Amino acid sequence: MKGSKRKKEQGTASRAVAGVSLAALVAAVAVFVILTQMEKSMLADYEKGTVYMAAAAIPRGQRITEENFAEYFSKGELDVKYIPRTALTVLEQIQDLAAVYDVEPGVVLTEGMFEKVSDVLGHMAEPVIAGFKADDVYQVAGGILRAGDRIHIYSVREGEEVISWEEVYIQQVFDASGETIPNGDRTTAAQRVNVYLDKSDVELFYQGLAQGSLRVVKICTQEVGD
20 MKGSKRKKEQ
30 GTASRAVAGV
40 SLAALVAAVA
50 VFVILTQMEK
60 SMLADYEKGT
70 VYMAAAAIPR
80 GQRITEENFA
90 EYFSKGELDV
100 KYIPRTALTV
110 LEQIQDLAAV
120 YDVEPGVVLT
130 EGMFEKVSDV
140 LGHMAEPVIA
150 GFKADDVYQV
160 AGGILRAGDR
170 IHIYSVREGE
180 EVISWEEVYI
190 QQVFDASGET
200 IPNGDRTTAA
210 QRVNVYLDKS
220 DVELFYQGLA
230 QGSLRVVKIC
240 TQEVGD
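According to my numbering, the residues represented by the sequence shown are 20 to 245, in order.
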């Protein structure tokens, strides 16, 4: 009798253990299914979009060209929920751009960080590039001028200085050896400056240079972070 009773108790215990194991397995499967469904749901909600980011620091006034595009721009992906409405996302947006302020590396690039040079020149009937040397004018804003800067040009008439050209866009600057000064260089004095002018203004501009009657004033803009 005692042996039979012991066997019965052992059988009951075995069935109990099996039941607990089965319940644990069912629970584990249920948790796995739930987590899998949650992961699928999260992945479904996560939609990636293409953006352009700053591959390196972009100095204020830096013009983006086919030659330096890969130096300053890199392509990345971001959750569409976090892509700014004005973000640069297609190559067609990156045409003839110049940075309006210093852009840090890794930043998602947006339209507001750049201006189109063609828009700057849009008011001119026939834009041309005119150049002058630093010693052609009385003042050149201390020589610290860079591509993308804007200047006012004054003329001296009857002993008074009057503004002749407003917000003239600087196309390029050069040092004493004739080398282009990069926008990231904030110390080298510009010895030669190229500016955009309307063709109809060029004759008057060079007459003023020849007479030594022109003055240059740089327009100061507050940079982000100042």
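Don't be surprised by glycine CBs; every beta carbon is placed ideally from N, CA and C.
If you're wondering where the values come from, they're calculated on a predicted model, not measured in any experiment.
Local conformation of residue i per DSSP, three classes
i	result
residue 191	strand
residue 72	strand
residue 109	coil
residue 208	coil
residue 126	coil
residue 32	Confidence at residue 32 is low in this model, with a pLDDT of 49, below 50, so its placement is unreliable and no value can be given for it.
residue 227	helix
residue 121	coil
residue 166	coil
residue 153	helix
residue 148	strand
residue 79	coil
residue 202	coil
Nearest candidate by alpha-carbon position, reference residue i, set the options
i	options	result
residue 131	141, 125, 151, 116	116
residue 218	144, 112, 106	144
residue 76	86, 85, 90, 70	90
residue 108	128, 215, 138	128
residue 184	194, 123, 234	234
residue 178	200, 232, 70, 135	232
residue 196	124, 88, 152, 120	152
residue 164	239, 70, 222	239
residue 174	100, 224, 206	224
residue 119	202, 213, 198, 148	202
residue 214	237, 122, 126, 105	237
residue 176	230, 121, 101, 148	230
residue 78	188, 148, 137, 133	133
residue 137	87, 82, 102, 110	82
Contact set for residue i: own chain, Cβ-Cβ below 8 Å, skip 5 residues either direction
i	result
residue 98	65, 66, 67, 68
residue 27	At residue 27, the pLDDT of 49 sits below 50, so the modelled position is not reliable and the matter cannot be decided from this model.
Beta-bridge pairing of residue i - partner residues as DSSP gives them
i	result
residue 220	Beta-bridge pairing links residue 220 to no other residue.
residue 116	135
residue 173	182, 234
residue 88	Beta-bridge pairing links residue 88 to no other residue.
residue 98	67
residue 93	72
The ligand SAH heavy atom lying under 7 Å from the CB of residue i
i	result
residue 68	As presented, the structure is devoid of all ligands, the ligand SAH included, so that no description of it is given.
Same chain only: Cβ atoms within 6 Å of residue i, ignoring 5 sequence neighbours per side
i	result
residue 93	72, 74
residue 124	73, 75, 76
residue 182	171, 173
residue 21	Residue placement at residue 21 cannot be trusted, given a pLDDT of 47 that sits under 50; the coordinates are not used to answer.
Cβ neighbours of residue i in the same chain (closer than 7 Å, five flanking residues each side left out)
i	result
residue 150	211, 212, 213
Exercise for review: Take every Cβ of the region 165 to 177, pair it with every Cβ of the region 186 to 206, and state whether three or more of those distances are shorter than 8 Å.
Suggested key: yes
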